[in-house]
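What follows is one structure encoded as structure tokens, with my remarks underneath.
Protein chains in written order, with this note's numbering: chain F, 1 to 293; chain D, 1001 to 1117.
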């Protein structure tokens, strides 16, 4: 299909030096199934609006705006954009939490593409069980269909103990029951659904139940955030891809005794930060830096 | 012991339902660890290999977790309701524990060590 080739070629050329073709992941399930049309969406994650810490990001007040500008600069706009949580940095003050959420919403309202989906992270939602977040962005878990792909946004952060919880799992089961076994399904979450590093809080306590529920479906891909870096993992035939952050990177899983952020590199500003596009035909991931080189 | 079974035992002790096993624990040394944002006191404890102890976990401010994977301990507790968990150190070394209930800005750094000599 010419349109498909053009988009891929565009993504390859527009990678501004940071493009990564990731569809060669072993066992990476495609979304072919009953998909009606090729398209791509953009995933941004862990923007942590309100964070302050010059050693980690001296441009904490400007990185999100730059990412918005970079998404707007894509010459072919995505079908939609998703933010996979930690829109804001945590605060104990409910008033300040709402101020940060409002500022975040104002900043991302500059996105040219108005089809934007939001999800909470534990920094947004865990201290008040998602109450403030919902005031701004509505339901914290939901599903939707786009051009034959079924998307399920899972909330594994409103419970501070990192559980999806029985009511949401029941909802997810009922939602999945309506899908054919070969339906292309994308699951969006903030925390990893599998036990990446539970001792670093990189897990979902009842994530195994969600994965078990997804196993009968042949074309499932999971996109998540939380760990502030790109990471790819398979549970059986299900691929899990984490996204970079837009505030500071964290060290690779298990690479240090403790989880810690990667300090800002003045020689390479914004290194390790970025967003990604996901092309659905063969699950092609393209990673973009915050700023075009 | 699977975490669910451990949680049941913890809940039994916390609610005052003392069975024979719990009664036996009364003879064991109880080590109290108090959590508050964003620290445990004490943050490090030293145990003797093979000698059972009971950890009594409480929190002064908000709901907290105590996750010590080397001992398969994963418990949650809230203000005003301490929980107890029995522990038999089987290996020497130093083992991390951490909070796995998100409690705020310093949550990511909240943890400590169990030394077994």
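The beta-carbon is built from N, C-alpha and C at its ideal position, and this holds for glycine as well.
- The beta carbon of residue 194(F) sits closer than 7 Å to the beta carbons of 207, 211, 233, 235 and 240 from its chain, once the five residues preceding and following it are set aside; these are given in chain order.
- Secondary structure at residue 68(F): helix, using DSSP grouped into helix, strand and coil.
- Check the Cα spacing between residue 280(F) and each of 135(F), 151(F), 66(F) and 167(F): the tightest is with 151(F).
- Where residue 197(F) is concerned, there is no enclosing alpha helix (DSSP H), because DSSP gives it neither an H nor an E.
- It is roughly 14 Å from the alpha-carbon of residue 1056(D) to the alpha-carbon of residue 1047(D).
- The DSSP-derived three-state label of residue 1107(D) is helix.
- In the DSSP assignment, residue 1036(D) forms a beta bridge with 1039(D).
- Membership of residue 1076(D) in the beta strand (DSSP E) is indicated by the continuous run 1073–1077.
- Counting along the chain, no beta strand (DSSP E) covers residue 169(F); the unbroken alpha helix (DSSP H) around it starts and ends at 166–177.
- Legend: CB atoms of the region 103–133 of chain F lying less than 7 Å from CB atoms of chain D belong to residues 122, 126 and 127.
- At a Cβ-Cβ threshold of 7 Å, residue 1104(D) and residue 92(F) count as neighbours.
- The beta carbon of residue 112(F) sits closer than 7 Å to the beta carbons of 72 and 77 from its chain, once the five residues preceding and following it are set aside; these are given in chain order.
- Here DSSP, grouped into helix, strand and coil, assigns residue 108(F) to helix.
- In the assembly as shown, residue 47(F) is a buried residue. Its beta-carbon has 16 or more other beta-carbons within 10 Å.
- When DSSP states are grouped into helix, strand and coil, residue 212(F) belongs to the helix group.
- For residue 1071(D), none of the residues of chain F pass the 8 Å Cβ criterion, the least Cβ distance being about 12 Å.
- Listed by position along chain F, the residues whose Cβ is nearer than 8 Å to that of residue 1044(D) form an empty set, because the closest Cβ is around 15 Å away.
- Looking at the DSSP output, residue 219(F) bridges to 184(F).
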